[in-house]
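A.B. asks: Have a look at this one.
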Amino acid sequence: MHAHPRYRELVERGFADANFINDLGIRATDCGPGWVEAELDIQLRHLQQNGFIHAGVQTTLADHAAGAAAATLVAEGQTVLTLEFKVNLLRPARSARLFCRAEVLKAGRQATVVEAEVFGEEGGQKRLYSKASVTMAVVTLPA
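Per the numbering used here: the sequence shown = residues 35 to 177.
Here you go:
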């Protein structure tokens, strides 16, 4: 698959127009054909009852970044929707900021598979918190 001719605009608009993503504070930081990077400054509202970053926050970050990465490779008039995802939560997440990098593993005409990693920094060290495998359905936008 080839990169969408306006992939950067699609990624920026996909983050700007997603109300839930904006409510959480997730923002895109960089992108290219088949990949997207995003981040989130952690607030108290992002934590679960034990003070760790909530799994739902990590999952949302990974899923949205994966969708944006997949969208960079669709044709004009198409978009992607999450079909399925699996997330491995590797360790309790404690960081002032989460980072995510999503990369397309296989882009297809009907489905695209993306891998997304969510990590943070603890004690000056990069720590991988979760890893997601996301399958995106490629759909035609209504005219």
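All C-beta atoms, glycine included, are put in the ideal place defined by N, C-alpha and C.
If contacts are defined as beta-carbon pairs under 8 Å, then Ala-105 and Ala-150 qualify, I think. What distance do you get, rounded to the angstrom?
C.D. replies: Not quite, the Cβ-Cβ distance comes to about 13 Å (not below 8 Å), so this is no contact.
A.B. asks: Per DSSP, which residues does Glu-71 bridge with? Please list them.
C.D. replies: Asp-64, Arg-135
A.B. asks: Find out if the Cβ-Cβ distance for the pair Ala-171, Ala-136 is shorter than 8 Å.
C.D. replies: no
A.B. asks: Would Phe-153 be called buried (16 or more neighbouring beta carbons within 10 Å of its own) or exposed?
C.D. replies: buried
A.B. asks: Within the continuous alpha helix (DSSP H) that includes Leu-95, where are the two ends?
C.D. replies: 89-105
A.B. asks: Just checking, does the stretch 111-126 make contact with the stretch 52-72 on the three C-beta pairs under 8 Å criterion?
C.D. replies: no
A.B. asks: How would you call Gly-48, buried or exposed, if buried means at least 16 neighbouring beta carbons within 10 angstroms?
C.D. replies: buried
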